[in-house]
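As structure tokens, the structure follows; a few thoughts come after it.
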Amino acid sequence: MTVITSGSAYLDIDAYACCIAYAELLNLQGVPARAVSSAAPNSSVSPTVLSWGAAFQHYTPQANDEFVLVDVSDFQHFDPLVVLDQVVEVIDHHPGFERYWAERLGCAADIRPIGAAATLVFQRWQAAGLLSRISEPSAALLATAILDNTLNFTGQMTTELDVLAYELLVQRANLAADWPEQYFLECQAAIEVDLQGALAADLKRFNPASNLPQVFAQMTVWDADGLLHKHRNEICGWMAGQGEDWLLNVISIRDGKSCLLAEPLVSQQRLNRLLPLEWQASVAIVKPSMLRKELLKLGLNLNPV
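Heads up: take any position in the sequence shown, counting from 1, add 100, and you land on my numbering.
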């Protein structure tokens with residue numbers, strides 16, 4: 101059995117979509133595969149997305165299982181069900197582990213700077229000549245993952261390949277014309293219902309060598325200013341409880357910016373080494389918006405690890 105899975109902490113829409121759509125493709129190609137995860141989806145997997153009915157499958161480990169990792173390449177963050185020596189393929193767009201996997205897997209390690217890992221899975225459907233057979237839910241999932249990870253095509257890592265993939269997937273996904281706005285509004289509503297849960301569900305911890313704040317949470321919403329105005333005190337209190345060196349990146353789709361919230365001076369100083377920032381009331385604005393993986397790349401380039 102080929103097990104398609106991702107990270108251990110949470111499933112964002114990119115990981116969720118990639119697991120399900122790639123498992124579907126492999127099964128069409130005659131390779132028995134299952135989309136499996138021990139992690140729960142975060143707020144980027146909105147209520148409408150869940151209503152599409154594409155679900156993960158039950159899994160009983162077998163000694164000879166093979167594992168495909170999507171939207172993750174840092175082996176410290178793999179789903180705990182993964183057996184490292186039985187990983188046969190990695191599909192990811194996060195920096196830092198390209199050399200490690202190239203040495204282990206050669207061309208089966210596809211780790212590229214691109215807007216969404218979903219675009220890489222789309223390319224596999226296209227290369228196999230099976231795009232006409234992709235299910236409507238899988239097409240919608242991949243398209244939505246591209247929307248989310250490219251920040252509605254405003255993100256700095258967005259490529260022409262992401263745009264093309266989205267255009268072709270939307271033709272098969274039966275999504276409404278206003279789906280982008282509806283999707284990001286749904287994500288913000290879900291975040292505001294359980295703010296602390298949303299922070300915990302998209303939080304990563306980095307070591308000092310990354311040159312990033314050690315506690316780094318991220319969320320993508322339609323209106324970051326409105327969210328911070330209403331919930332800043334709760335956010336800062338919860339983040340401070342996670343450590344003395346923390347950052348929240350609130351990505352605002354409506355106005356194409358990142359609001360970097362970091363009350364600890366040490367966290368601001370780390371970020372000042374990466375970007376020219378102006379802090380006002382512990383918030384720095386970055387335009388166009390940036391994703392955590394883009395800041396991670398800047399940190400790694402500053403002092404390679």
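Positions of the beta carbon are idealized from the N, C-alpha and C atoms, including for glycine.
Sort the options by Cα distance to residue i and report the nearest one.
i    : options                : result
L111 : P132, D179, Y122       : D179
D174 : D355, N311, F306       : F306
T105 : A289, A135, M390, N127 : A135
G215 : A209, I234, A208, F253 : F253
M390 : D345, S352, S367, Q288 : S352
R332 : R354, A317, L361       : L361
D114 : E189, V145, S138, G153 : V145
V168 : D185, W152, G153       : D185
L128 : D165, V190, L230, G326 : L230
L398 : R370, G343, Y266       : R370
M319 : E286, A163, A217       : E286
L220 : Q256, D171, V183, Q176 : D171
K304 : A277, V103, M101, A109 : A109
V383 : E394, E363, W152       : E363
A381 : C359, L395, L396       : C359
S266 : G107, C207, A218       : One point to set straight first is that residue 266 is Tyr, not Ser, in the sequence displayed. Checking every option, the nearest Cα to that of Y266 belongs to A218.
A309 : G341, L396, S232, W346 : L396
P280 : E236, T148, H194, E124 : T148
R272 : A227, Q282, Q342, F222 : F222
D165 : R212, G341, Y200, V183 : V183
W322 : P313, R354, M339       : R354
Q226 : R204, C207, L261, E203 : L261
A228 : G337, V103, L126, I385 : L126
Quick check: what's the CA-CA separation for residue i versus residue j?
i    : j    : result
A245 : V315 : 24 Å
L295 : I335 : 8 Å
A324 : P161 : 42 Å
A117 : S238 : 7 Å
A243 : A298 : 22 Å
Q368 : F197 : 26 Å
Y122 : L365 : 43 Å
M181 : V188 : A quick correction: the sequence has Leu, not Met, at residue 181. About 15 Å.
G356 : P141 : 25 Å
A301 : E292 : 13 Å
D192 : M257 : 13 Å
A133 : Q176 : 24 Å
L347 : H194 : 19 Å
A290 : W152 : 17 Å
K393 : R233 : 32 Å
T259 : M101 : 33 Å
S137 : D210 : 21 Å
A387 : G130 : For clarity, residue 387 is Lys in the given sequence; the question names Ala instead. Distance between the alpha carbons of K387 and G130: 46 Å.
L312 : R224 : 33 Å
G343 : W379 : 20 Å
W338 : K330 : 15 Å
Can you check DSSP and say which residues form a bridge with residue i?
i    : result
L247 : Partner(s): none; L247 has no beta bridge.
T105 : L169
C359 : V350, I385
P237 : None, per the DSSP bridge assignment.
A139 : Beta-bridge pairing links A139 to no other residue.
Q129 : Partner(s): none; Q129 has no beta bridge.
Q380 : V383
L111 : P141
R134 : V103
Would you mind listing the alpha helix (DSSP H) stretches within the region 171-223 that are 4+ residues and don't spill past its ends, in chain order?
198-205
Any 3 or more C-beta pairs closer than 8 Å across the region 148-157 and the region 247-257
no
Is the region 362-374 close to the region 395-402, with three or more CB pairs under 8 Å?
yes
Hey, which unbroken runs of the beta strand (DSSP E) at 3 residues or more fall wholly within the region 288-350?
303-305, 315-321
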